[in-house]
Structures are given as structure tokens and as C-alpha cells.
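Shown next, in C-alpha cells, is the structure this report addresses.
Number of protein chains: 2
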Amino acid sequence: MGALHKGHAALIRRARRLAGTKGSVVVSIFVNPTQFGPREDIAKYPRPLDQDRRICQREGVDLLFHPTLSEMYASDASVVVNESSLSAGLCGASRPGHFAGVCTVVTMLFQIVRPTTSVFGEKDWQQLAVIRRMVRDLKVPVKIIAHPTVREEDGLALSSRNSYLTPENRALSSRIHAALIASVMEAEAGETSVARLRRGLLRDLAAIPGAVTDYAAIVDAESLEPLKKLGRAVKARALVAVKLGGVRLIDNVPLSGVSK
Amino acid sequence: MGALHKGHAALIRRARRLAGTKGSVVVSIFVNPTQFGPREDIAKYPRPLDQDRRICQREGVDLLFHPTLSEMYASDASVVVNESSLSAGLCGASRPGHFAGVCTVVTMLFQIVRPTTSVFGEKDWQQLAVIRRMVRDLKVPVKIIAHPTVREEDGLALSSRNSYLTPENRALSSRIHAALIASVMEAEAGETSVARLRRGLLRDLAAIPGAVTDYAAIVDAESLEPLKKLGRAVKARALVAVKLGGVRLIDNVPLSGVSK
Chain P
19 MGALHKGHAA LIRRARRLAG TKGSVVVSIF VNPTQFGPRE DIAKYPRPLD
69 QDRRICQREG VDLLFHPTLS EMYASDASVV VNESSLSAGL CGASRPGHFA
119 GVCTVVTMLF QIVRPTTSVF GEKDWQQLAV IRRMVRDLKV PVKIIAHPTV
169 REEDGLALSS RNSYLTPENR ALSSRIHAAL IASVMEAEAG ETSVARLRRG
219 LLRDLAAIPG AVTDYAAIVD AESLEPLKKL GRAVKARALV AVKLGGVRLI
269 DNVPLSGVSK
Chain S
19 MGALHKGHAA LIRRARRLAG TKGSVVVSIF VNPTQFGPRE DIAKYPRPLD
69 QDRRICQREG VDLLFHPTLS EMYASDASVV VNESSLSAGL CGASRPGHFA
119 GVCTVVTMLF QIVRPTTSVF GEKDWQQLAV IRRMVRDLKV PVKIIAHPTV
169 REEDGLALSS RNSYLTPENR ALSSRIHAAL IASVMEAEAG ETSVARLRRG
219 LLRDLAAIPG AVTDYAAIVD AESLEPLKKL GRAVKARALV AVKLGGVRLI
269 DNVPLSGVSK
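If you're matching them up, the sequences are chains P and S in order.
When you line the first sequence up against the working numbering, it's residues 19 to 278, in that order.
When you line the second sequence up against the working numbering, it's residues 19 to 278, in that order.
Structure below.
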């Protein structure tokens, strides 16, 4: 989607390392309309293309794919790739059609670019899970690599939408990650009840002035199904979406259970 | 879907010619459950694999791809490729979900086999149009080749389902193609009114003893949109689906308008 920040730069560097000297690194920049809802921010979504191009050059990108709308979508386009299980909850619940738009455009980009490997950020954990499922189910011949979320010094996950925050809300926004980290520490201290961990998470998010929690969930990291208990064998993930002054921010962390 | 007949053999020969001596010809045989409706004939659909294999060998096929159900679909598969415009009418109206099943499995087969060129029969004209649209919209890097319908001597379009016909209905079934040819001749004689051509077609089909017409349509060959008038610039196609003794038969022919 462009508006490249240090998180994207880290994905590009990961791709550059994976490609080595013989492979090529392709970056796609396309603000995809089909993944925005009717009342979402596509018109004001940042498009600093010159800056994006410089970042790509600096990071050793071989090809920047920046198609026009009509190159991607015919006016009578009628084909959608839809994932119906992992897409249903979390961000999918408040953004109907979002993941169908994502799956469709990512399928198209994979068909056009035909990468052997593609790097996605863990910040959009549900998107990552949905894309892994899409690739698995449609047998797309690409290896999906997850790259850890890059954060500001105070913990805020990097996002192109962070630029919408007022200075006050930017200061408050670090408390989203802090709330997630508090859950991680409770789990490391031996708390295995997902209900109790989630209550603590919701309480911390509710304590952020002006914050409206869209969701706070502790789920199986792959299936995104709700969990009851953490445990050594359980790969859990805590995911949140919070609106701060109308800006929707998402973040997530792994939660590992310890045996008591 | 296997149960290969002379129509499939013609598609394979076309692929063999297109591949030349350097290219490889791959045939997929997979009776895809997701394109059958709940009351359709998947259980009794013919699966004469040994015979299919002999036909493939005789026609110079390099690779026969015959996956199991679980190789194609995970038990928690949740991704569907859906075409919503061309799929809505004609066969799609009486077979809900059929074209989503077709689009999904064909996308998967294209991802697995990664052909440069793929040959489809014109007998399933709507399927051909839907697959062309799917390939166009998802940017799948494959060239779709349409191959003319192969017919029995009396005109019946070859289909694996013809084997379900009683001898009586087999004899009557040739009148489906005859009805289409009558429309072609009326159009060649100068009839341009689609309503009148369609009335004649419906009348001829209704005159077949025991036949139940599912649809008879004269549409734009590519968009499958209804037409009012034939003309030189119009690519029209007449498509029919008829049940004979419970066996659903489809057929179609091109209709070219002549200037009066």
C-alpha cells in the first residue's frame, strides 16, 4: 500500500537477504480500493511515491511495481478470492469485505510478479494468517515469510496510519503495546486463564484516555480460534484493535504459556 | 473430470499440437466435489481411470495429474474463487455454487501445473467464459484456448453424462442440436429478432418427448448478457440446457447476424 516506513524497510531488507545476489526483490505499491470499506480512509490514505521510491532504491529493490487502478481492475471485474474462516472475526468483523479485497489483490500480485518467496509483516497478524491460508488452499507456489513487527522506541507498532495521530494521541498510543506486554508478563508469571488475561488487557486498554477498543482477543496463532487456556503446546497470540481519536490502530504479540 | 471421450481427446490433441515437441502436455483428472450441488450426481459420476490413462497415453500426454481429494482440499479449506457476473444466469441459476467450485479448482490446478496454455471445450460455453474472466481478473499467466465441440454423427454434443441416457432418450437427444441448428438457419435467412429466434428454439425443444427445458438463451458470446437483435457486429451465442429422463444435457452454437 506504499507510504513506506521503517517496518516496510525491514521487510524489504529481509527479502533482499532471502533473494541473495542472484534473486530479484520486487516491491508492489498499490493502494487497493477493494480492501477499503465505504466509510474508510482510501481518499486520504498517504501516497508519498517519491519518498517510497527513494526508500526502495536505498534498500536495493530491483523492481518497483506500481500499477494504475485500471491496470489492476477492469471496469467489469467480477472475480473475488474469499477466505471465509479466519477472516470472519477480529478486524474482519468490523471491516466487512476487507480480507476478500486483500486476498483478491494479493492473489493478483502473486500471479503478476510470480515470486518464489514473499515477506509480510506480523503487525497485520490476521492478514498474515489469511494470506497463508489463501496460499495453502489455492496452492499458490510461493513461500510466505513472516517478519516481526517493527516498533517506535516507546513500543508503538509502525503503521502508515500513525501519521494521522495528534501529538496527544501519539503519546497515549504507546499504551496499546504496553497493555499487550502486561499480558505477556502475566502469562510468563504463570497465568493460564485466557479469560483473566483478556480482562486485564481490556482494563488496560479502557484506561487509555479517549481510546475505544474494537477488540482484544487471545486466540490460536494459526487458526485464530478462541482459546480457554494457555499451555506449552498452545501457540497463542493476543491481538487488539483500538481507535484513538478516530485512528484505528492494531497490534499483536505472541503469548507463551508456562507450566505452573 | 475424467471419463474421457472423443471430445477430451480432441482437446488433448490440440494441446499436443500447441506444445510441439519441446513442450509438455499435462492432463488433470479430478472429479471435483465443490462443483457438484448437494443433489447432483457426484457419487455416480463415471471414473474409468484405466481407460482414461490409455487415452492419455495414445494421445501423447506427458503427465497425467490425478490427485486425491485430500491432496486438493484440506479438511478446513476456507478459500473460494468466486465469479459473480457471468456465473449468475444460465447453468449458474440452476446450479448454485457450481461456478465457484469450477473457478476455485481451476485456479488451484493452474497454480499446481502452471501451464502456459490451457485448452477448454466450447461445449461448456459458460464455463469457458467464466474461466476466461477468472484468468483475466486474477491475472493468471495462462492463455486460454477454446476448442470446438465434438459431436456424435447425429449432432449430440459429446459429454460424459450421455452414458446415462436410455436408448430412447439417446435417440431423442439429437433433436437438441437440431433445434440449435434451426435457429442458426433462421438467423442466416435474415431473422434478427432474438425474441423470435428464442421462441422458435423453445418450441423445438418443447416438441422433444419428455424433454424439460432448463433454459434456452441467446446472449452476447463473451458477456453472456441478453441480446435484443443480431447483427454483423454482434457476437451472439445460443445456449440451451435440457433434461431428458433426468439427464441434464447442455449445448450451444454461434449465431451470426446477416444484414438484410
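Ideal Cβ positions, reconstructed from N, Cα and C, are used throughout, including at glycine.
- Flagged as an interface residue toward chain P: I130/S, by a C-beta distance shorter than 8 angstroms.
- Here D222/S is buried. Its C-beta has 16 or more other C-beta atoms within 10 Å.
- Counting only unbroken stretches of 4 or more residues, the alpha helix (DSSP H) elements lying wholly within the segment 200-232 of chain P are 212-224, in sequence order.
- Taking a contact to require three or more Cβ pairs closer than 8 angstroms, the segment 79-92 of chain P and the segment 114-127 of chain S do not qualify as touching.
- The C-alpha of A213/S lies about 23 angstroms from the C-alpha of A147/S.
- Your pair V137/P and A33/P checks out as a contact, with CB atoms roughly 5 angstroms apart and the cut at 8 angstroms.
- Taking the beta carbon of S103/S as reference, the chain P residues within 8 angstroms of it are D94 and S96, listed in sequence order.
- Under the Cβ criterion of 8 angstroms, R151/P is counted among the residues facing chain S.
- Annotation for R132/P: no beta strand (DSSP E) segment contains it, and DSSP assigns it neither H nor E.
- The beta carbon of L81/P sits no closer than 8 angstroms to any beta carbon of chain S.
- Residue state for G139/S is assigned as strand, using DSSP reduced to three classes.
- By the Cβ neighbour-count rule, P133/P is buried, with 16 or more other Cβ atoms within 10 Å of its own.
- Taking a 10 Å sphere around the C-beta of L87/S, we find fewer than 16 other C-beta atoms and assign the residue as exposed.
- Per DSSP, reduced to three states, the secondary structure at N187/P is helical.
- In the same chain as M126/P, and ignoring 5 residues on each side of it, the C-beta atoms closer than 7 angstroms to its own belong to M90, in chain order.
- Its Cα nearest to that of A21/S, the residue S178/S stands out among S178/S, S241/S, V153/S and V258/S.
- Against chain S, a Cβ distance below 9 angstroms from R154/P picks out A92, A95 and V97.
- Under DSSP, R255/P forms a beta bridge with V237/P and P272/P.
- For K62/S, the nearest beta carbon of chain P is not closer than 8 angstroms to its own beta carbon.
- With respect to L257/S, S191/S sits apart: the two C-beta atoms are not nearer than 8 angstroms.
- The beta carbon of T135/P sits closer than 7 angstroms to the beta carbons of L36, V160, K161 and I163 from its chain, once the five residues preceding and following it are set aside; these are given in chain order.
- By the neighbour-count criterion, in which a residue is buried when 16 or more other Cβ atoms sit within 10 angstroms of its Cβ, M203/S is exposed.
- Contact between D155/P and V97/S holds: CB atoms are separated by about 4 angstroms, below the 8 angstroms threshold.
- Runs of beta strand (DSSP E) with 3 or more residues, each lying fully within the segment 36-124 of chain S, are found at 44-46, 81-83 and 97-101, listed in chain order.
- Using a Cβ-Cβ cut-off of 8 angstroms, N50/S does not count as an interface residue toward chain P, since no Cβ of chain P sits closer than that to its own.
- Distance from the CA of I226/S to the CA of E186/S, rounded to the nearest whole angstrom, comes to 11 angstroms.
- Shortest Cα-Cα distance from A259/P to any of A197/P, G249/P and A251/P involves A197/P.
- For A164/P, the enclosing beta strand (DSSP E) starts and ends at K161 to H165.
- Taken atom to atom, the span from the alpha-carbon of S103/P to that of I236/S is near 39 angstroms.
- About 5 angstroms separates the beta carbons of V45/S and V79/S, which is inside the 8 angstroms limit, making them a contact pair.
- CA-to-CA, the gap between M19/P and V49/P works out to about 5 angstroms.
- A check of alpha carbon separations from R169/S across N270/S, Y63/S and T39/S identifies N270/S as the nearest.
- When Cβ-Cβ separations below 8 angstroms define contact, M19/S makes no contact with chain P.
- Residue environment for R255/S: buried (at least 16 other C-beta atoms within 10 angstroms of its C-beta).
- In terms of beta-carbon proximity, V158/P lines the interface with chain S, with at least one pair separated by less than 8 angstroms.
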